[in-house]
Structure formats: structure tokens, C-alpha cells
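Residues in the sequence shown are numbered from 1498 upward in steps of one, following this note's numbering.
Note that beta-carbon positions come from the ideal geometry of N, C-alpha and C, so glycine has one too.
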Amino acid sequence: MWGGRFADGPSAIMREINASIPFDKRLWRQDIAASRAHVAMLGAQGIVDAADVAAIDQGLAQIASDYETNGPPEDLTLEDIHMTVESRLAELIGPAAGRLHTARSRNDQVATDFRLWVRDAIDAVGAGLAAFQAALLARAEEHAGTIMPGFTHLQVAQPVTLGHHLMAWHAMIGRDRSRFADARARLNRSPLGSAALAGTGFAIDRHATASALGFDGPTANSLDSVSDRDFALDYLMAATQCSLHLSRMAEEFVIWASQPFGFISLPDAYSTGSSIMPQKRNPDAAELVRGHSGRIAGCMVALTMTMKGLPLAYSKDMQDDKPPVFEAHDLLALSIAAMTGMVETTRFVPERMRAAAEAGFSTATDFADWLVREGNIPFREAHHITGRAVKLAESEGIALAALPLEALQAIDPRIDARVFGVLTVDASVASRTSHGGTAPDQVRARIAEARASS
Ligand code: ARG
């Protein structure tokens, strides 16, 4: 491509370090789409004549259908997907192929292709997250009234419902969807026509190529356009945040599936056995979702470090932008699918959840709140009185509700038999009627809202 200036070809090592075709061949669809938009515009502007435009467009269509079946070839001498496509075009249509690169550089070409690829990736992730949320809604509805312990510090804190817990996950994923949507809106400007860095003297129409490729319009500054990889970092940062959420959910699956918890039984489809311990049913998919989040964050850090300190405009370092994005995307898409599958198919074990919620004095706060409400006792004092009751129950090895009334009245005479009415887990959960609280009616109301807005 630059034979005019060079006498010798590159060494094998140069060829190897320079080539991006082993990974950027994944951009072939976007590369051909952008080239077709570009050549159509060159034709419309009278920069390339109609016969050459038609030959180039047909050649590109033929290459696309060939790659669809066979994939693009991986020839290191052709360096990247852009040169691979162009050289194939020359084989197919001859010297007219050389007109395709008029008023364009690989710098704006790769920036355009990669934006298009990341946009598709965002759309795919968005669809995956929507399906995940639908699965969460269905299971949350089913379990809007199923009692489980809520935890802080992984210590039993207060009873909640499983539906409430699943809707917490739904809310986390909702923020991820909005982060990806923000990233999409920000990336949707076309760098095509920025050429190498300074723009071009040809009378191109950047608005036309932008709209042909589904962008909202052209970017504003050619220097920025060929050196900007914010869109890739936006994607990686949203992916990192999303994978952190998935990892935390996966961790809960791992805990819930453990024998001491026994809150869920994972289906065969999402478990593995042990080659030595016949009884084992391991939550490998959940563990790998948890593990993958570390790799996804690593991809985000990799591109951050690549971009740090690069002067305007393009530098070859930027070729390293693609592998971390591709890797993170593959890991994220698989993680979302695995979490969706697990949520859809897991068997919840309500008896175990209820038993755990009933242990650990989870209604102690309800006891203290009752003292505040019925005895007009300041909360701090009520907390202290309840603490003494918990201490007594603990030393007797019984639940709060099993303490005799006389024992409670010995702690504080203002306690009467009505307190037992608030000490069951069902009463506790039903009482949490504040907006977004765990009362089953609240959970159902939030589910209905989520359904209406999804
Ligand atoms: N393979 C290159 C990349 O992915 C394409 C751009 C090459 N530009 C250049 N000035 N050498 O970044």
C-alpha cells in the first residue's frame, strides 16, 4: 500500500508486531458497510464516476457474501481488515478498486468501523440485559411473598421477601442498561471523512455517510475523531460495572447453593459434578461469572493504560484497542446469558429460606419499633430493652417470640402481650410498607411499574 516510498519489505517480526488482522477481522461487516456508504457518497458527489462506484459496490457485496460463508482470510502481509478487503476488491475488479480510498484514511476508517462494532455490541448487550430483567421479573412475581432473611454483613438482619431481593438485582441491571444507552447515544457520531487527521480537500458529504450508517451526524473535529476511543472506554466501563453486578449476584448464587444455606438447588443444566466426590453439584457457571468480572475489569484497565499519554492524533498503540473490547464483550455476553439461564431455572427452596429468616432474632427491630409506637419509648432506649430480651432468648436458646411474657415484663413492665403480634417474620415483612420496602404489596407494585416501563 505504500510501495512507492519503500524499497524493502518489512521483516517477519515487523510484520507480526504490525498486523492486526488476527483480531480486527471481526470488523469485516462494519468495514464493508462503511466502505459501501463511502463509495456511494463519492459517487453522489461526482468524485468517482458511476461505473466505478457500481463496480466497487458490487465487488464489496461479493466479498461480504464470501466472508459470510468462509470468514475473512488471515494474511499477515495484508496487515489489517481494511487492507484485506481492499486487496480482495482489487483482485475482483482491478484498478478501479484504488478509487475507494479517495478522501479517506485508515485512521477514520478504523474509527468508523470500530464505532459501528461497539454500537452493535451495545445493542446485543442491551437485548441480553432486557431478557435477564424479564427473567427476574417473572421469578420475583412468583416469589413476591416468599420469606427469606435479609442480610447485612452476611448476618441475618431482617426478614425480606425473595421477590424483593430479585427486584434489587433488577434495579442494578436497570442502571446498567441506562449506562449502555448513554454510551450508545454518545458514540453515535460518524468520524468518517476526517481522513488521516486534518479532513480532506475533496468535496465529500459527511452528513450523507453519517446518515447512511445510522449515525446522528458527523463528529465535529477531525483530529479528535481519529484519536478518540472514548466510545470503547465507555463500553468497557459500562461492561465493568455490569459485570460487577453479575459477579455479586453470582456470589449470592454460590452462597445460596451451599449446603449450610440450601436456599436454592441449581439445575443440572447449570451445575457440574466432581470427578472424585460423587455427591458434588458445583455452581461452576456462577463461579465463572464471578471470575469473568475480574477479566472484564482487566480489559477496561488495559485500554485505559493504552490511551493514557497518547498525543493527538492517531498513534499505532491505538490498534491495541480492539482485543480488550472483543474479549470483554464475549465474556459479558456469556455471563449475562448464564445468569439469565440460572435465574430462569433455579429451584428456590422457600422452607429453608423461611427457617433461616426465623433464626437469628430477625424481628428484633420490629420488637424495638413496637416499644416506640405502643410505649412511646425513645428508639435508643427501645433498642436497649430489645437487646436485653435478645440476650435472654439467646441464653435460653429460644426465639424471641418464645420468651414468656413475665420474663419480658421483668425486663420492662411496659411490654404487654400485643408485642407477640409483631414478632413473626410474616408480620415483619407485611409491615414494611414504605415505598420500595419489602412488604409483598410493595414488591408487587414495583414489579407492575417495572413491567409497564420495560
Ligand atoms: N490497523 C490499524 C488499527 O487498527 C488501522 C489504522 C492504521 N493507521 C495508520 N496510520 N497506520 O489501528
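ask   = Run through DSSP, which three-state label would Val1846 get?
value = DSSP, read as helix, strand or coil, puts Val1846 in coil.
message = DSSP three-state label for Val1657, please.
response = The answer is strand: DSSP assigns Val1657 an E or B state.
request  = Tell me Met1645's beta-bridge partners as DSSP assigns them.
outcome  = Val1657, per the DSSP bridge assignment.
Burial state of Leu1809, where buried means 16 or more other Cβ atoms lie within 10 Å = So Leu1809 ends up on the exposed side.
task = Determine which residues share a DSSP beta bridge with Gln1652 and list them.
result = DSSP lists Thr1649 as the bridge partner or partners of Gln1652.
ask   = Relative to the ligand ARG, is the shortest distance from any of its heavy atoms to the C-beta of Glu1576 smaller than 7 Å?
value = Residue side-chain check: Glu1576 places its Cβ nearer than 7 Å to a non-hydrogen atom of the ligand ARG.
key: Ala1886, enclosing alpha helix (DSSP H) - first and last residue   = Counting along the chain, the alpha helix (DSSP H) containing Ala1886 begins and ends at Phe1876 to Glu1893.
task = Let me know if Leu1868 comes out buried or exposed under the rule of 16 or more other beta-carbons within 10 Å of its beta-carbon.
result = Its Cβ being crowded by 16 or more others within 10 Å, Leu1868 is buried.
Distance, Leu1730 Cα to Ala1621 Cα = One C-alpha to the other measures close to 17 Å.
query = In chain order, what residues of the same chain lie with their CB nearer than 8 Å to the CB of Glu1638, ignoring the 5 residues before and after it?
reply = Excluding residues within five positions, the ones whose Cβ falls inside 8 Å are Gly1660, Arg1941 and Ile1944.
ask   = In the DSSP assignment, what are the bridge partners of Val1779?
value = The sequence given here has Asn at residue 1779, not Val. Asn1779 pairs with Thr1769.
query = Within 7 Å: the Cβ of Val1840 and any heavy atom of the ligand ARG?
reply = In terms of side-chain proximity, the C-beta atom of Val1840 is found no nearer than 7 Å to any non-hydrogen atom of the ligand ARG.
Closest Cα partner of Arg1676 within the set Gly1623, Asp1702 and Leu1710 = Selected option, being the one with the closest Cα: Gly1623.
query = Do the CB positions of Thr1842 and Tyr1767 come within less than 8 Å of each other?
reply = In this structure, the beta-carbon distance from Thr1842 to Tyr1767 falls below 8 Å.
request  = State buried or exposed for Thr1566, treating a residue as buried only when at least 16 other CB atoms are found within 10 Å of its CB.
outcome  = Result: exposed.
request  = Enumerate in chain order the residues of its own chain whose CB-to-CB distance from Ala1709 is below 6 Å, with the five nearest sequence positions on each side excluded.
outcome  = Around Ala1709: Ala1534.
query = From Ala1561 to Ser1762, what does the alpha carbon distance come to, in whole angstroms?
reply = One C-alpha to the other measures close to 47 Å.
task = Please confirm whether His1667 and Leu1633 have their CB atoms less than 8 Å apart.
result = For the pair His1667 and Leu1633, the CB atoms are nearer than the 8 Å cut-off.
ask   = Quick one: Cα of Asp1923 to Cα of Glu1903, how far?
value = Distance between the alpha carbons of Asp1923 and Glu1903 is about 24 Å.
Pick from Trp1499, Phe1864, Ala1618 and Gly1698 that is closest to Leu1684, judged by C-alpha positions = Ranking Trp1499, Phe1864, Ala1618 and Gly1698 by Cα distance to Leu1684 puts Ala1618 first.
inquiry  = Using a Cβ-based criterion (distance less than 7 Å to any ligand heavy atom), does Val1751 qualify as near the ligand ARG?
reply    = No, the ligand ARG has no heavy atom inside 7 Å of this Cβ.
task = Name the residue from Ile1874, Ser1950, Ser1859 and Thr1574 whose alpha carbon lies nearest to the alpha carbon of Ala1898.
result = That would be Ser1859, whose Cα lies nearest to the Cα of Ala1898.
Inter-residue spacing [alpha-carbon to alpha-carbon] between Thr1609 and Ile1701 = So the two alpha carbons sit approximately 16 Å from each other.
task = Could you tell me which residues DSSP puts in a beta bridge with Ser1832?
result = Within the DSSP bridge table, the entry for Ser1832 names no partner.
request  = Work out the CA separation of Thr1643 and Leu1853 for me, nearest whole Å.
outcome  = Here residue 1853 is Ala; the residue named in the question, Leu, does not match the sequence. Distance from the CA of Ala1853 to the CA of Thr1643, rounded to the nearest whole angstrom, comes to 12 Å.
message = Taking the straight line between their C-alpha atoms, what separation do you get for Ala1896 and Gly1918?
response = CA-to-CA, the gap between Ala1896 and Gly1918 works out to about 14 Å.
Top-ranked residue by Cα proximity to Arg1616, from Ile1912, Pro1764 and Arg1686 = The shortest Cα separation from Arg1616 among Ile1912, Pro1764 and Arg1686 belongs to Arg1686.
request  = Can you give me the start and stop residues for the alpha helix (DSSP H) that Ile1510 sits inside?
outcome  = For Ile1510, the uninterrupted alpha helix (DSSP H) segment begins and ends at Ala1509 to Asn1515.
key: Ile1761 - partner residues in DSSP beta bridges   = Ile1761 is bridged by DSSP to Phe1845.
query = What does a CB cutoff of less than 7 Å around Glu1871 pick up in its chain, not counting 5 residues either side in sequence?
reply = Around Glu1871: Arg1915.
query = Mapping DSSP to helix, strand and coil, what is Pro1808?
reply = DSSP places Pro1808 in coil when its eight states are reduced to three.
key: Delimiting residues of the alpha helix (DSSP H) encompassing Asp1620   = Counting along the chain, the unbroken alpha helix (DSSP H) around Asp1620 starts and ends at Arg1603 to Glu1639.
key: Proximity winner among Thr1737, Ser1755 and Gly1696, relative to Ala1794 (alpha-carbon distances)   = Measuring from the Cα of Ala1794, the nearest candidate turns out to be Thr1737.
request  = Kindly indicate the opening and closing residues of the alpha helix (DSSP H) around Leu1920.
outcome  = That residue, Leu1920, is in no alpha helix (DSSP H); it is neither H nor E in DSSP.
message = Below 8 Å, how does it come out for the segment 1691-1705 and the segment 1595-1609: are there three or more Cβ pairs, yes or no?
response = The segment 1691-1705 is in contact with the segment 1595-1609.
ask   = Is DSSP giving Arg1715 helix, strand or coil here?
value = Residue identity check: residue 1715 is Pro in the sequence provided, not Arg. Looking at Pro1715 - three-state DSSP - the assignment turns out to be strand.
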